[in-house]
Each structure stands twice: as C-alpha cells, then as structure tokens.
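For what it's worth, the working numbering labels the leading residue of the sequence shown as 1241, then goes sequentially. For glycine and all other residues, C-beta sits at the position ideal for the given N, C-alpha and C. What follows is a single structure, written as structure tokens, with notes after it.
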Amino acid sequence: MESVGRTRMNLLLLKRRGEVVRRGLELLRSKREALVREFFAVMDRAAESRTQMEAVMGHALATLTLALGMEGRAPLRSAGHAAKRTLSIELTERNVWGVRFSEVRYAPVGRAWDARGYAPSGESSYVDETARRFEQALELILRSVAVEMRLKKLGSEIKKVTRRINALNEVVLPALTREVRNIRQALEEREREDLFRMKRFKSGG
C-alpha cells in the first residue's frame, strides 16, 4: 500500500476505509457460511443421487442382459429404433448470494408402453421392461447432472470468496492498520514539536 500524506484528513479517510473493509469482511464471511451450508446440503443430494443411479443402472443392465438372452439383438434394435425421440433439455439460471447456478429442466423421460413407438403386440415384456429401466436411468442421470453442476459451482465460489477474505484479512487490513499507525505517530510527533516551539517562543528562547 502506497504511503499517503500525514494529515488528519487522510487519517480519517483511512479509518473509514478500514471500517468499510471490515464490513465487507463480515459480509463475505456470511456469504461463505451460507455457501458452505448449501454445499454440504447439495453434497448429500449428490451422494444419494449417485447411489440411486448405480442401483438403477445395475437393474437396467441386468434387464438388458435378460432381454438379449430371451429375444436376441434384432427385436431390441428394432424397438430402440422405433422408440427413438428428441429429448428437450433447457438450462436456466438461478441467483443465490450473487452466485449464478445453472439448473437443468427437462420433460419427464419415462413413457407409457404405448407411447414408445413400437407395436406392443410385437414386442415381449422383456423389451418393454428394458426400455422402462433405461428411461429411469436417463432421468436419474439428468437429475445427477444438475446436482453435480451445482456442487462444482458452489465449490468454485467458496474458494473464490475464501481468497478474497484472506486478501482483505492478511494484506489489505494490516496495510491500512500500519498506515493509520504511521500517520498517528507522525501527527503526535508534529504536535510535540509544535508544543516545544510554542514553549520556547513563550519563554523568549
């Protein structure tokens, strides 16, 4: 921090700046606490989502293996082609404590058996169950993506706020404190010199 003029006005300005920095620190600490609470809440959701996704994917793969064994590849390939569709996914933003989070919005992935595009009379229950299981898995994947994105953003923001807190607390405030002390000492020394000169003047020396 550059040295400023040793005047009472600058002393007052530095004191006010110190107060502003301290208020800013309190706000940043409050923001970090709120973000940390949100981070742990989202982390719990992320862990739960991963556990669910692993379980659902395991069931889906087991069902696929059974369908392949019972029906062969051709019926599954035919049903997959018939059930092909475009899934609309939209990213929206939400602002929390000045932090923008992306949220994933999508229509329900799961469909009724008669909405998948293949003729039910031509496909076995194995094929239909496989489709249902993988639709569940896809919905969980999309939900997990939203949670993981939020978790990553929260972690990044917590690091950023912590760096700002450290900079203010370890660099800016100590520099302000030193400068205030230096100006105060200079003013006190100047006052002592002025008082000494006044005494000499009064004594005629």
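Report yes if the CB atom of residue i is closer than 8 Å to the CB atom of residue j, and no otherwise.
| i | j | result |
| --- | --- | --- |
| Thr1303 | Thr1370 | yes |
| Ala1386 | Glu1343 | yes |
| Leu1275 | Glu1397 | yes |
| Glu1388 | Ala1295 | no |
| Leu1384 | Met1297 | According to the sequence displayed, residue 1384 carries Ser and not Leu. No, these two residues do not count as a Cβ contact at 8 Å. |
| Glu1330 | Phe1341 | no |
| Ala1426 | Arg1246 | yes |
For the putative contact between residue i and residue j, defined by C-beta atoms under 8 Å, what is the C-beta separation to the nearest angstrom?
| i | j | result |
| --- | --- | --- |
| Gly1264 | Leu1408 | 7 Å |
| Ala1347 | Ser1318 | Incorrect: roughly 25 Å between the Cβ atoms, too far for contact. |
| Arg1432 | Leu1268 | Contact flag wrong, Cβ pair sits at about 40 Å. |
| Glu1375 | Val1349 | 5 Å |
| Ser1289 | Leu1413 | At roughly 41 Å, the Cβ-Cβ gap does not stay under 8 Å, so Ser1289 and Leu1413 are not in contact. |
On the CB-based measure, 16 or more other CB atoms within 10 Å of its CB, does residue i come out buried or exposed?
| i | result |
| --- | --- |
| Arg1272 | buried |
| Leu1416 | buried |
| Glu1278 | buried |
Determine the direct distance from the alpha carbon of residue j to that of residue i, and round the result to whole angstroms.
| i | j | result |
| --- | --- | --- |
| Lys1400 | Phe1436 | 53 Å |
| Arg1424 | Leu1252 | 10 Å |
| Arg1313 | Leu1382 | 27 Å |
| His1299 | Leu1306 | 11 Å |
| Leu1322 | Leu1378 | Looking at the sequence itself, residue 1322 is Ala, so the reference to Leu does not match. Looking at the two C-alpha atoms, the distance is approximately 18 Å. |
| Glu1428 | Glu1259 | 23 Å |
| Pro1315 | Val1367 | 8 Å |
| Asn1458 | Leu1394 | Residue 1458 lies beyond the stretch modelled for the chain, which goes from 1241 to 1445, so this question has no answer here. |
| Lys1442 | Arg1430 | 18 Å |
| Tyr1358 | Leu1391 | 39 Å |
| Arg1373 | Glu1266 | 50 Å |
| Lys1324 | Glu1410 | 58 Å |
| Met1310 | Asp1284 | 39 Å |
| Arg1262 | Arg1256 | 10 Å |
| Thr1326 | Asn1406 | 48 Å |
| Arg1531 | Trp1337 | What the structure shows of the chain is the stretch from 1241 to 1445, and residue 1531 is not part of that stretch, so it cannot be assessed. |
| Ala1238 | Ser1270 | Since the first residue of the chain shown is 1241 and the last is 1445, residue 1238 is not available in this structure. |
| Ser1365 | Arg1345 | 31 Å |
| Asn1533 | Arg1440 | Nothing about residue 1533 can be read from this structure; the chain reaches only from 1241 to 1445. |
Per DSSP, residue i is paired with what?
| i | result |
| --- | --- |
| Ile1423 | Paired residues: none, contrary to the question. |
| Tyr1346 | Ile1329 |
| Asn1409 | In DSSP, Asn1409 forms no bridge with anything. |
| Val1336 | Val1339 |
Just to confirm, does residue i get its C-beta within under 7 Å of one of the non-hydrogen atoms of the ligand ZN?
| i | result |
| --- | --- |
| Gly1312 | The model on display carries no ligand, and the ligand ZN is accordingly not part of it. |
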